[in-house]
Amino acid sequence: MDISTLIGWLAGVGFILFSIVLNKDIDTGSYSIIFGSLKSFFDLPSVMIVFGGTFAALMVSYPLSIFKKIPKHFGMVFKDKNSDHKEIIEQIVEFAKEARINGVLALEEKVKEIKDPFMKNALMMVCDSVDPEKVQEMMDNELNYLEERHSQAQNFYLKGSDYAPAFGMVGTLIGLINLLGNLSDSESLAANMSVALVTTLYGSILSNLFFKPIANKLKIRHETEMLNKAIIVVGVQGILAGDNPNFINEKLEKLIPAQISGKAKK
């Protein structure tokens, strides 16, 4: 589990709530906690405008299929399943050694046990003596599809980060219009001013603490997975070419960025 996501969200919400209830006495300069302050920051119409409006705009912008993938996106945000580059390299080098000694057909039984579908399909094609160009074409098509799918997921949350502040501004305008239309009513004056300000706050928090961080974390997950796929592609190419396993290992090691490689060695 990637605990940084959970810590970040808890810290963000915690600091915001704490700043709301923390009250400074002007005369003494001392601070006190006033939980009653929270009531001023909850407004149901503001929630409906920002959260409902953002959700509705996303529904108009994207097909229903991407909404069904939201639980999967959250799973990716909280858990990184593609970080062990070294393990993939070791696995490919073992296959290269086996293929060099006993031929590619000897890999068939071991390939069936591979969990990664991308690696499994590529090596099964190698075992079936499929033309190297067709193997490469299959891998390229799979990578293009993966790029498109991940890009759509990232853009979904980036769009949400644009819509949330926009609907916060819509709420602000609604509050100001109602306020100016009822200047003689002192009770509605405060309520309309609350809507005008709180919606902007909701939109900003939703954008900067939720949508943008998720989009960025999905981008990081995508880059990690694409690095794994690049390692597999180069490894399969080496096996097809009959390269020395040590040479394949050296090529794959060079694909890993220095900062990641350093952490792995530690």
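In this note's numbering, the protein residues as written are 1 to 266. Where is the CB? At the ideal position from N, CA and C, for every residue including glycine.
Pick out whichever of the options has its Cα sitting closest to the Cα of residue i.
i, options, result
"I232", "Q91, M76, S129 and C127", "Q91"
"S65", "A241, D162, R149 and K212", "R149"
"N144", "A230, G14 and G235", "A230"
"L209", "A11, M1, K120 and M119", "A11"
"E108", "C127, M119 and E98", "C127"
"P213", "L197, L123, N155 and F51", "N155"
"S161", "M139, A57, G8 and L183", "A57"
"L240", "R221, M125 and V170", "M125"
"E223", "E147, G52 and G171", "E147"
"L6", "F78, I101, I16 and P257", "F78"
"I16", "N244, S204, K134 and P257", "S204"
So is residue i buried or exposed if we call it buried at 16+ other beta carbons inside 10 Å?
i, result
"D274", "Outside the displayed range of the chain (1 to 266) lies residue 274, so it cannot be described from this structure."
"Y202", "buried"
"Y31", "exposed"
"I274", "Residue 274 lies beyond the stretch modelled for the chain, which goes from 1 to 266, so this question has no answer here."
"S207", "buried"
"L38", "exposed"
"F167", "buried"
"L123", "buried"
"G238", "buried"
"T172", "buried"
"T140", "For clarity, residue 140 is Asp in the given sequence; the question names Thr instead. Per the 10 Å Cβ criterion, exposed."
"M59", "exposed"
What does a CB cutoff of less than 8 Å around residue i pick up in its chain, not counting 5 residues either side in sequence?
i, result
"A153", "I66, K69, H73 and L218"
"V47", "Y202"
"L158", "F211, K212 and A215"
So, at 6 Å on beta carbons, what are the nonlocal neighbours of residue i in its own chain, with the 5 sequence-adjacent residues on each side left out?
i, result
"Q259", "Per-residue confidence for Q259 stands at a pLDDT of 45, beneath the threshold of 50, marking its modelled position as unreliable; the derived number appears in the next sentence. Answer for Q259: no residue qualifies."
"D80", "D2"
"N249", "V93"
"V13", "none"
Give me, in chain order, the residues of the same chain whose beta-carbon lies closer than 7 Å to that of residue i; leave out the 5 immediate sequence neighbours on both sides.
i, result
"K265", "Only weak support exists for where K265 lies, its pLDDT of 48 falling under 50; the coordinates are left without a value."
"L252", "I89, I92, I231, V234 and G235"
"I34", "V21 and N23"
"T254", "The question names Thr, yet the displayed sequence has Lys at residue 254. Excluding residues within five positions, none has a Cβ falling inside 7 Å."
"V281", "The requested residue 281 does not occur in the structure, where the chain is confined to residues 1 to 266."
"D43", "S194, V195 and V198"
"Y62", "F156"
Just to check my reading of the structure: residue i and residue j have Cβ atoms closer than 8 Å, yes? What is that Cβ distance to the nearest angstrom?
i, j, result
"A106", "E98", "6 Å"
"V195", "G53", "About 13 Å; that fails the 8 Å criterion."
"L197", "L189", "Going by Cβ atoms, the distance from L197 to L189 rounds to 13 Å, so no, they are not a contact pair."
Checklist entry - Is it a yes or a no for the stretch 171-179 touching the stretch 22-41, going by three-plus beta-carbon pairs under 8 Å? => result In short, these stretches do not touch, since the Cβ pair count stays below three.
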